[in-house]
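Only one structure is covered here, and it is reproduced in the block below.
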Amino acid sequence: MTPPPKVSIRGLSMRFPTDGSVIEVLSSIDLEVKDGELVCILGPSGCGKSTLLNIVGGFLKATSGAVLIDEQEVAGPDPRRIFVFQERGVFPWLTVEGNVGFGLFRLGAAERAERIAYYVKLVGLSGFENAYPQELSGGMKQRLEVARALAVNPDVLFLDEPFGALDSITRLVMRSELLRIRRAEKKTILFVTHDIDESVQLADRVVVMSTRPATIRRIVEIDMSHPRDLSSPRYIALRDLLLGEIGLAHKI
Amino acid sequence: MKRLLPFSATAALLIVWFLAAHRQVSGLFPDPLQVLKGLLELLRRGLLAKYVVASLFRVTWGYSLAVVTAIPLGLLLGWYKRGERALNPLLQLLRPISPLAWIPISILWFGVGDVAAIFLIFLASFLPLTAAAMNAVRNVPPTLLRAGRNFGLSNPRLLVDVILPAALPQLIVALRISLGVAWLVVVAAEMIAVNSGLGFLIVDARNAGNRYDLVVAGMVMIGLIGLVLDLGMQQLEKMKALKWGYGS
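Residue numbers (my numbering), protein chains in the order written: chain A, 1 to 252; chain B, 1 to 248.
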């Protein structure tokens with residue numbers, strides 16, 4: 001018997017009324033994500049993939065269809081499933097420690113301090129415990145937000161183009177950091193991106209979305225083990241396959 | 001030289017003032033030295049301390065009452081859109097009315113005395129502070145609200161742990177501006193509604209024998225205290241937990 005999926009999206013559609021007309025953003029999306037799987041949702045900017053993630057996260061209500069997590073319908077945001085925004089989500093008035101401990105208000109002081117110390121170290125922010133976000137670089141802010149999410153021990157993470165605002169070198173470093181953290185903390189991860197390389201480097205499966213109204217064009221399994229060789233024929237073949245699916249030629 | 005620069009305009013004014021005072025015909029307008037003597041006379045007679053304390057007492061009460069009522073009200077109105085829609089038109093209607101226009105009514109309600117003056121200061125600070133708190137809530141980035149909700153915060157906790165700190169930099173600016181306004185209004189209120197304080201000193205000195213040296217002495221004190229109050233509020237903006245809100 002196969003275990004039930006962690007996340008199950010069933011016949012999901014989303015329509016926004018605008019003045020006079022109705023815009024269909026998502027059209028009958030069906031997707032199942034296994035426990036512990038890292039799924040990248042890949043699509044061009046503005047295709048509705050963020051809307052999809054917001055619905056799965058419980059921040060938006062779909063026009064029709066349902067999202068089930070652990071076979072329970074999602075009714076709203078939940079601390080068991082944390083959404084990570086592009087670095088802007090950290091609280092600027094709190095220090096690194098304050099941010100990481102933000103979601104731990106139900107714990108006693110000792111356990112709280114222990115968890116803060118652990119996750120600050122895990123994301124490589126040791127020595128910056130008392131720094132404020134404005135004193136950190138973009139990459140560090142992003143790590144901070146990931147640490148704050150992990151500290152409450154969620155079983156699902158939603159990442160909405162988390163590295164989109166970083167420079168390309170920091171972005172590469174952050175991807176390998178994410179994979180390292182994932183080895184330490186097994187989480188189910190839904191990762192929205194418009195970056196084809198990012199999806200091939202990170203994902204177990206890549207869900208390719210079409211332009212509006214977004215539907216699932218194809219789901220591509222990335223059958224490569226970590227660490228992935230970015231110049232191997234398989235990597236290039238998968239990247240070209242995704243490029244083709246997105247509808248772009250191989251040459252610029 | 002650089003350290004003297006901030007004082008150069010003041011020094012120039014003092015010199016021009018001194019020269020002008022000695023060229024006048026009427027002889028009523030005092031020169032800076034006479035004003036200094038006036039200040040010393042007030043100090044000797046114990047009036048300076050008494051009037052400064054009286055003015056600060058009224059501002060402290062009127063302003064504090066406004067802060068503790070306007071900030072929670074403004075935060076709630078900003079949070080509950082319906083409340084804002086119900087009350088905002090009234091607030092916008094009352095705001096353009098100068099606090100000074102309320103002087104007759106405040107005397108009618110509270111009589112001549114401290115309460116009338118405190119009421120005027122309260123009004124002058126309350127309306128802008130409420131509006132500022134309301135706006136500050138509306139400007140809280142939605143990502144921060146969503147992050148707070150995601151971690152399972154109840155509405156009251158969200159207000160205290162996310163909305164208030166996110167709105168605080170803007171609130172501090174509003175607090176600073178409205179303290180300045182409160183200090184302007186106390187002088188005006190004291191000219192009419194009471195018989196003590198720096199505002200009263202100015203009117204009284206003129207009425208009781210054209211003592212313009214004391215009039216200007218009162219003005220100088222008002223300026224100095226206003227400056228000290230503003231510098232104090234400015235210190236708040238330098239706090240690390242607030243600095244993020246003021247750009248770089």
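Glycine residues also receive a C-beta, built at the ideal position from the N, C-alpha and C atoms.
{"Asked": "Under 8 Å between beta-carbons, which chain A residues line up against PRO141 (chain B)? List them in chain order, please.", "Found": "ARG88"}
{"Asked": "Residues of chain B with CB under 7 Å from VAL152 (chain A), in chain order?", "Found": "PHE151"}
{"Asked": "Rounding to the nearest angstrom, what Cα-Cα distance links VAL228 (chain B) and LEU40 (chain B) in this structure?", "Found": "20 Å"}
{"Asked": "Which same chain residues end up closer than 8 Å to TRP244 (chain B) when comparing Cβ atoms and leaving out the 5 residues on each side of it in sequence?", "Found": "PRO169"}
{"Asked": "If you compare alpha carbons, which of A:TYR132, A:SER199, A:SER126, A:SER225 is closest to ILE219 (chain A)?", "Found": "A:SER199"}
{"Asked": "Check SER64 (chain A) in the structure and name its three-state DSSP category.", "Found": "strand"}
{"Asked": "Tell me, please, which residues DSSP counts as bridged to MET14 (chain A).", "Found": "A:LEU26"}
{"Asked": "Across which residues does DSSP place ALA189 (chain B) in a beta bridge pair?", "Found": "For ALA189 (chain B), which the question treats as bridged, DSSP gives no partner whatsoever."}
{"Asked": "Mark ILE222 (chain A) as exposed unless 16 or more other C-beta atoms lie within 10 angstroms of its C-beta, in which case mark it buried.", "Found": "buried"}
{"Asked": "In terms of residue numbering, what span does the beta strand (DSSP E) encompassing THR254 (chain A) cover?", "Found": "Past the edges of chain A, shown from 1 to 252, lies residue 254 (chain A), and the structure says nothing about it."}
{"Asked": "List, in order along the chain, the chain B residues whose C-beta lies closer than 9 Å to that of ILE55 (chain A)?", "Found": "Result: empty, since nearest Cβ-Cβ is about 13 Å, beyond 9 Å."}
{"Asked": "So which residues of chain A does LEU75 (chain B) contact, with C-beta pairs closer than 9 Å?", "Found": "Ordered by position in chain A, no residue passes the 9 Å Cβ test against LEU75 (chain B), which lies about 16 Å from the chain."}
{"Asked": "Once you ignore the five residues that flank SER248 (chain B) on each side, which residues in its own chain have a CB closer than 8 Å to its CB?", "Found": "Confidence at SER248 (chain B) is low in this model, with a pLDDT of 49, below 50, so its placement is unreliable and the value that follows should be read with caution. Counting only Cβ-Cβ distances below 8 Å, and skipping sequence neighbours, we find nothing."}
{"Asked": "Can you grab the Cα-Cα spacing for the pair VAL187 (chain B) / PRO96 (chain B), in whole Å?", "Found": "20 Å"}
{"Asked": "Can you grab the Cα-Cα spacing for the pair LEU159 (chain A) / LEU52 (chain A), in whole Å?", "Found": "12 Å"}
{"Asked": "Quick one: is PRO165 (chain B) near chain A, going by C-beta distance under 8 Å?", "Found": "yes"}
{"Asked": "Less than 8 Å between CB atoms is the rule here; does TRP244 (chain B) satisfy it with respect to chain A?", "Found": "yes"}
{"Asked": "Since ASP195 (chain A) is in the alpha helix (DSSP H), which residue starts that stretch and which ends it?", "Found": "Run containing ASP195 (chain A): none; DSSP gives neither H nor E here."}
{"Asked": "Could you confirm whether any beta carbon from chain A is found closer than 8 Å to the beta carbon of ARG146 (chain B)?", "Found": "yes"}
{"Asked": "Provide the residue(s) that pair with ALA214 (chain A) in DSSP beta bridges, ordered along the chain.", "Found": "A:LEU26"}
{"Asked": "Should TRP183 (chain B) be labelled buried (16 or more other beta-carbon atoms within 10 Å of its own) or exposed?", "Found": "buried"}
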